[in-house]
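Chemist: This is the structure I have questions about; it appears just below.
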Amino acid sequence: MIGTIPGMALLHRATLVPGKLDLLAAWLPAQPWYTGPAEPSLERVGAFRFDDPDGAVGLETLLVRAVDGGPVYVTPLTYRDAPLDGAALVGTTEHSVLGPRWVYDAETDPVYRTALLTAILTGGTEAPEEITDEHGTRVPRTPLMSVRGTGAFAAGVLPVADTGLELVRVLDGSAASAGPALVSEFGVLARVHGV
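Note that this note's numbering numbers the sequence shown so that position 174 is 187, with each residue one more than the last.
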């Protein structure tokens, strides 16, 4: 059974070394769907987060492209405080507040897959974001983009068996959805087949 997407994505005012775009610049060229330069300089064109109900895993999707143009790549990431067996590691980073973080291709992380599937099938959206300042005060932050699922299943009664989750990795305008999907101003970002 899949739950709902409650809660808030809680962020910290912090530095990451190396940064997310640096990790992606090293990782992207090895991906079979990547068609950009071998040593890209990347820019973020959008981002959204889901909430992990257990509060343990950071769930973020970055939309990036090479600064000299080209297609937009959908790069979902998870941030963990320990290694995850069986998941595709993008790299590791040092978070100035939380310490070492293992960054994974979220397509291989069950927490992200559950959050994405739940959003798609229940008509869910990105998580509201709050950032914690240096004094511990939480301040709302406007997400960089909005997403919404097109499904209409009731939370807690979702089909899981034989459900095919497909992430759209390159936004070139060709992705359409004949079924439940996650959509944004950039188009279809993910689809579910078999429901």
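Just so it is clear, CB atoms sit at the ideal spot from N, CA and C, and this is done for glycine as well.
Please read all numbers here as calculations on a predicted model, not as lab measurements.
Just the Cα atoms here: how many angstroms apart are T106 and D118?
Modeler: 14 Å
Chemist: Out of L184, L129, G162, T74, point me to the one whose CA is closest to G192's CA.
Modeler: G162
Chemist: May I ask you to report which of helix, strand or coil DSSP gives R126?
Modeler: helix
Chemist: Terminal residues of the continuous alpha helix (DSSP H) containing T40?
Modeler: Note that residue 40 is Trp in the sequence shown, not Thr. Here the alpha helix (DSSP H) through W40 covers 33-40.
Chemist: Three-state secondary structure (DSSP) at R204?
Modeler: Three-state DSSP puts R204 in a strand.
Chemist: Can you give me the Cβ contacts of E56 inside the same chain, cut-off strictly under 7 Å, excluding the 5 residues immediately before and after it?
Modeler: The answer, listed in chain order, is V77, R78, V80.
Chemist: What residue does the beta strand (DSSP E) around D118 start on, and which one ends it?
Modeler: 112-118
Chemist: Please say whether L129 and L75 have beta carbons closer to each other than 9 Å?
Modeler: In this structure, L129 does not lie closer than 9 Å to L75 by Cβ.
Chemist: Do Y92 and R182 have their CB atoms nearer than 9 Å?
Modeler: no
Chemist: For P84, which option in D98, G49, A60 has the closest C-alpha, if you only look at C-alpha atoms?
Modeler: G49
Chemist: Between the alpha carbons of L195 and E52, how many angstroms are there, rounded?
Modeler: 30 Å
Chemist: Exposed or buried, what is D94 when buried is set at 16 or more other beta-carbons lying within 10 Å of its beta-carbon?
Modeler: exposed
Chemist: Count the other CB atoms, across all protein chains shown, that sit within 10 Å of the CB of E142; report buried if there are 16 or more and exposed otherwise.
Modeler: Buried, by the Cβ-count rule.
Chemist: Could you give the distance in angstroms between the alpha-carbon of G16 and the alpha-carbon of F166?
Modeler: Annotation note: pLDDT 37 at G16 (below 50); position unreliable, coordinate value reported separately. Their backbone Cα atoms lie some 11 Å apart in a straight line.
Chemist: In three-state terms, what does DSSP make of M21?
Modeler: Unreliable positioning characterises M21 in this predicted model, as indicated by a pLDDT of 45, which lies under 50. The coordinate reading is nonetheless provided below. It is coil, neither helix nor strand.
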